[in-house]
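Working notes for the structure below.
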Amino acid sequence: MIEHPKAEELVEAVARFLDGVRPQLNPRDAFLARVAANALGAVRRELQHGPAAEAAASERLTALLGREGTLAELNADLCARLR
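Counting in this note's numbering, the sequence shown runs from 277 upward without gaps.
In structure tokens, the structure reads:
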């Protein structure tokens, strides 16, 4: 059976590649590679912590609004109430 790399592993591999080639790039492209590596860091954090953060946000909104729903529904309800 072929095992495919996980999203976290792919993000890490691309970040390492960018860090490795950055010294060989001209200043503008090196800056863009740094921006891309930073964006990958944000993706990595989202992959690692996103589900727990969404669950915590949903719990807080459920308590605040006094009703259950999806995170999108609860956010929409909160926005509507704030208007």
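Note that the Cβ used here is the ideal one computed from N, Cα and C, for glycine as well. Predicted model, so just to flag it, every value in this text is computed and none were measured.
Query raised in the report: Could you check where the alpha helix (DSSP H) with R343 kicks off and where it finishes?
Result: Counting along the chain, R343 falls outside any alpha helix (DSSP H), and DSSP gives it neither H nor E.
Report task. Would you kindly report the start and end of the unbroken alpha helix (DSSP H) that includes L294? Result -> A283 to V297
Query raised in the report: Ordered along the chain, which non-local residues of its own chain (more than five positions away) have a Cβ less than 6 Å from that of L363?
Result: The requested residue 363 does not occur in the structure, where the chain is confined to residues 277 to 359.
Report task. Starting from the C-beta of L358, find all residues in its chain whose C-beta is less than 7 Å away, skip the five residues before and the five after it, and write them out in chain order. Result -> none
Query raised in the report: Does the Cβ of L350 have 16 or more other Cβ atoms within 10 Å, making it buried, or fewer, making it exposed?
Result: buried
Query raised in the report: Thinking just about the alpha-carbon of each residue, which of N314, H280, E279 and A283 is nearest to the one in A294?
Result: Looking at the sequence shown, residue 294 is not Ala but Leu. Out of N314, H280, E279 and A283, N314 has the C-alpha closest to the C-alpha of L294.
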